[in-house]
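Data block below; observations after.
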Ligand SMILES: [Fe+3]
Ligand SMILES: [Fe+3]
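Chains as they are written, first to last, in the numbering used here: chain A, 1 to 284; chain B, 1001 to 1284; chain C, 2001 to 2129; chain D, 3001 to 3129.
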């Protein structure tokens, strides 16, 4: 039986990818960011999954205004690395897990989530930067990836509670797949940041740290936070944090199982315009 | 305040469109089909809506396997008539209702339906044949149309109950739009038919007529019918009938209002491979 | 995969689900390409050469070349995609559907006019495995 | 439209909702076109001519020509779309974001290193309407 062994949460700032691709990781500015991921790279070597279910958002890359899916699951065999305007990042292409992805789509749609199934999707920094942070610069990614894109660009975006419940549906779907597969689920984006208007540059360390606390301790309460609180306190792009609730909703304790173990937590300001937050939880 | 005044249900067989486009409507074979729509054309002249919310399915026209949305709402200003392989049908382009459509999308997503918003979508016979049946061959369509596409091509398709509840959410959304707009909601597709395999040509008059009875009298019970019953009894393409439940769910009686009035009911076999069913319900 | 798939035992019927979709991906995408007039021209001019541009299996290509709709469906084709081949050939949906039943065009049309195939239909014994 | 839109009173912030999206449709689609290298070349060669190929308002075109990001956002632009203009110009996301604040590049960078803008920030009196 397939099982979710752990969840990983991380910001996905494009400048982090650029810093790696341009060899700037040893600069003091970036060293402060990457130092927080050294334990994570050790951890994932020791806890290599077969498949990562990677929740991210597209940043006007694969999806223009012609087509805005609230939730899109990638069921293709592979996904190309997108050209976001300065050429594709020099990282390996992403290998999918079509059978498991199709199984999850089938099950989650039958649980009344109205997914869009996608078989062609170039993936942008939202997906590749978390892979780079966790895995460094390998010749190929060490596991398969099921990309799961959430609309957080055009309002209304799905509510925190909808995301949290979706995570629960995804867990059920994965556990009903009868091959023995070690799956991790990653939630990406955030933390506090605002990229637009005279208020650009907003950071809220207090909000972010309370978010991390509550994500571990009481995700159900956190899921009730209305959008407007994210915008007001964590900036207009801080809303990406709802994606972390999908990953958190898929953990065993939400369905009555044991509490997860906190393996790692890291927080740093800034990376470019953004507060970097990161957490690893293992199921017990 | 916008309001739903009526719902219309009809099959959307491509051959019906071809019969109209090629001037065959007076042939005895087709006369039997079109005679059932004569009262409807009178009715809609007397009850012209401002906007039709038109539930249909795309038949591998706008959406390939690259992109399969469970529910997609068209918010564009206009929609071109698709070339399905023999050139576009010679009918007027479809004028959208972007403000109302965006309002509905906003409201329905906040009611936890995970819509895909679409701004570019060529519409196929699933949408244009019902317009032709109800309106004949005008120079331009007499009302605006919000196209709403449902995946009934690749399994799993949304359940009857999910569709019925979606209809209820759409009604709430429309009634919260504060301009005075007369909206009809149409459910299209079906009735019994199977287009593939040695079982092609399946028709089930008994199933279809019970469906029409129950759609009027007890749609909530009808919404509980599992997919497999459609496939077994109404043929593999009979599953399109779940779309009728979206329109029915949007009627006032479902939310505790008065029962609708049955204005017209028609049933005929065959049009090409398909049983033609049709019904008009007015809200009271 | 213990999924809710109660639709595998219906005679003469293939449900197009994610598994079929995966199998038939390039076959169906090839069909979609026929929605452009220029591609229809190129396909008609040299069917084999056009098919060879797509990552289809030989079985899928043979099914298309012989216009064997049941074989195309077994290979992952979906009727709404396959209909683009019919449109290219100038065939109606009734001709396409009928071609899968083993009946003549006339016999199929007459069956439809007489009320269609009953839902209790089972395949003739010789077709059974 | 009595919709749940509680986000209109946040200072210095425009939420990209369906209304903004409708307003900015062609501006944003123009931006998307810059994801292709050949379009970036054509745009750089003659910006005005390239913009004139799109059904944008004159206000939107002027906002792009003057690289006034706040003006683009007011005209319906979304930052993730507008970022394609920045990428074409070789600007970083930090340069783009900073350009909307009225601060110099250095001052904005220093503010971020010092912990960013507080969420209690309100615009200076002169900017208020
Ligand atoms: Fe992001
Ligand atoms: Fe249909």
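Quick reminder that beta carbons are idealized off the backbone N, C-alpha and C, glycines included.
Restricting to Cα atoms, I'd like to know which of the options is closest to residue i.
i	options	result
residue 1237/B	1221/B, 1201/B, 1257/B and 1258/B	1201/B
residue 1291/B	1118/B, 1116/B and 1093/B	Chain B is shown only over 1001 to 1284; residue 1291/B falls outside these bounds and no answer can be derived.
residue 1065/B	2017/C, 2110/C, 2067/C and 2074/C	2017/C
residue 3025/D	1118/B, 1082/B and 1001/B	1118/B
residue 255/A	226/A, 272/A, 268/A and 283/A	283/A
residue 40/A	50/A, 273/A and 265/A	265/A
residue 3035/D	69/A, 155/A, 59/A and 84/A	84/A
residue 1080/B	1120/B, 1101/B, 1099/B and 1069/B	1120/B
residue 135/A	48/A, 23/A, 123/A and 235/A	48/A
residue 2091/C	1123/B, 1014/B and 1164/B	1014/B
residue 242/A	257/A, 225/A, 258/A and 16/A	225/A
residue 1028/B	2100/C, 2094/C, 2113/C and 2086/C	2113/C
residue 1145/B	1011/B, 1279/B, 1231/B and 1101/B	1101/B
residue 1139/B	1104/B, 1095/B and 1163/B	1095/B
residue 1050/B	1082/B, 1257/B, 1174/B and 1109/B	1174/B
residue 2119/C	1230/B, 1150/B, 1157/B and 1258/B	1230/B
residue 111/A	1052/B, 1104/B, 1172/B and 1162/B	1162/B
So, are the CB atoms of residue i and residue j less than 7 Å apart?
i	j	result
residue 73/A	residue 166/A	no
residue 160/A	residue 223/A	yes
residue 1054/B	residue 1186/B	yes
residue 115/A	residue 67/A	no
residue 169/A	residue 113/A	yes
residue 286/A	residue 4/A	No information on residue 286/A is available, as it lies outside the stretch 1 to 284 that chain A covers here.
residue 3141/D	residue 3056/D	Shown here, chain D extends from 3001 to 3129; a query on residue 3141/D therefore has no answer.
residue 199/A	residue 3013/D	yes
residue 3065/D	residue 3031/D	no
residue 1127/B	residue 1142/B	no
residue 2080/C	residue 1228/B	no
residue 1010/B	residue 1131/B	no
residue 1235/B	residue 1196/B	no
residue 3087/D	residue 43/A	no
residue 124/A	residue 82/A	yes
residue 3076/D	residue 3023/D	yes
residue 1156/B	residue 104/A	no
residue 1154/B	residue 2104/C	no
Between residue i and the rest of its own chain, which residues show a CB-CB distance below 8 Å, the 5 nearest in sequence each way excluded?
i	result
residue 25/A	19, 31 and 34
residue 2122/C	2011
residue 1078/B	1093, 1094, 1095 and 1096
Could you pull out every residue in the same chain whose Cβ sits closer than 6 Å to the Cβ of residue i, ignoring the five residues on either side in sequence?
i	result
residue 7/A	185, 247, 251 and 281
residue 1045/B	none
residue 233/A	204 and 207
residue 1275/B	1191, 1192, 1203, 1208 and 1269
residue 3033/D	3039
residue 1272/B	1013 and 1015
residue 62/A	121 and 122
residue 1037/B	1133
residue 3099/D	3069
Going along the chain, which residues of its own chain have a beta-carbon closer than 7 Å to the beta-carbon of residue i, five neighbours each way excluded?
i	result
residue 179/A	2
residue 1240/B	1057, 1152, 1189 and 1190
residue 176/A	107
residue 2085/C	2031, 2034 and 2064
residue 3015/D	3007
Measuring from the CB of residue i, is there a heavy atom of ligand 4 at a distance below 6 Å?
i	result
residue 1084/B	Although ligand 4 was asked about, the structure shown includes only ligand 1 and ligand 2 as ligands.
From the beta carbon of residue i, is the nearest beta carbon of chain G less than 7 Å away?
i	result
residue 35/A	In the displayed structure, chain G is absent; the protein chains listed are A, B, C and D.
Determine which residues of the stretch 1198–1210 of chain B have a Cβ less than 8 Å from any Cβ of chain C, and write them out in chain order.
For the stretch 1198–1210 of chain B, the set of positions with a beta-carbon nearer than 8 Å to some beta-carbon of chain C reads 1198, 1199, 1200, 1201, 1202, 1203, 1204, 1205 and 1207 in chain order.
Could you run through the stretch 237–254 of chain A and flag, in chain order, every residue whose CB is less than 8 Å away from some CB of chain B?
Along the stretch 237–254 of chain A, there is no position whose C-beta sits under 8 Å from a C-beta of chain B.
With 8 Å as the C-beta to C-beta threshold (strictly closer), list the residues of the stretch 1263–1277 of chain B near chain C in chain order.
So the close ones are 1269, 1270, 1272, 1273 and 1275.
Going along the chain, which residues of the stretch 108–122 of chain A sit with their C-beta nearer than 8 Å to a C-beta in chain C?
Listed by position, the residues of the stretch 108–122 of chain A near chain C (Cβ gap below 8 Å) are 110, 117 and 119.
Can you list, in chain order, the stretches of the alpha helix (DSSP H) that have 4 or more residues and sit fully within the stretch 118–201 of chain A?
Within the stretch 118–201 of chain A, the complete alpha helix (DSSP H) runs of at least 4 residues are 125–135 and 160–175.
What runs of the alpha helix (DSSP H), each 4 residues or longer, lie entirely inside the stretch 1202–1278 of chain B?
With a minimum length of 4 residues, the continuous alpha helix (DSSP H) runs that stay inside the stretch 1202–1278 of chain B are 1205–1217, 1219–1222, 1227–1234 and 1242–1249.
Closer than 7 Å, Cβ to any Cβ of chain D: which residues of the stretch 1086–1111 of chain B, in chain order?
Against chain D - using a Cβ distance shorter than 7 Å - the residues of the stretch 1086–1111 of chain B are 1098, 1102, 1103, 1105, 1106, 1107 and 1110.
If contact means a Cβ-Cβ distance below 9 Å, which residues of the stretch 151–177 of chain A contact chain B?
Cβ contacts with chain B: 151, 154, 155, 156, 157, 158, 159, 161, 162, 165 and 166.
In chain order, each beta strand (DSSP E) run of at least 3 residues that lies wholly inside the stretch 38–68 of chain A:
Secondary structure within the stretch 38–68 of chain A: the beta strand (DSSP E) runs of 3 or more consecutive residues, fully enclosed, are 51–56 (chain order).
Could you give the uninterrupted runs of the alpha helix (DSSP H) lying entirely in the stretch 2045–2079 of chain C, keeping only those of 4 residues or more?
Counting whole runs of 4 or more residues, the stretch 2045–2079 of chain C contains the alpha helix (DSSP H) stretches 2047–2051, 2058–2065 and 2069–2074.
Output needed in chain order: residues of the stretch 1063–1082 of chain B with a Cβ under 9 Å from some Cβ in chain D.
Residues 1075, 1076 and 1077.
Interface positions of the stretch 2020–2046 of chain C facing chain A (Cβ-Cβ less than 8 Å), listed along the chain:
Among the residues of the stretch 2020–2046 of chain C, those with a Cβ less than 8 Å away from any Cβ of chain A are 2021, 2022 and 2025, in the order of the chain.
Compile a chain-ordered list of the residues in the stretch 3008–3019 of chain D whose CB is closer than 8 Å to at least one CB of chain A.
Listed by position, the residues of the stretch 3008–3019 of chain D near chain A (Cβ gap below 8 Å) are 3010, 3011, 3012, 3013, 3014, 3015, 3016, 3017 and 3018.
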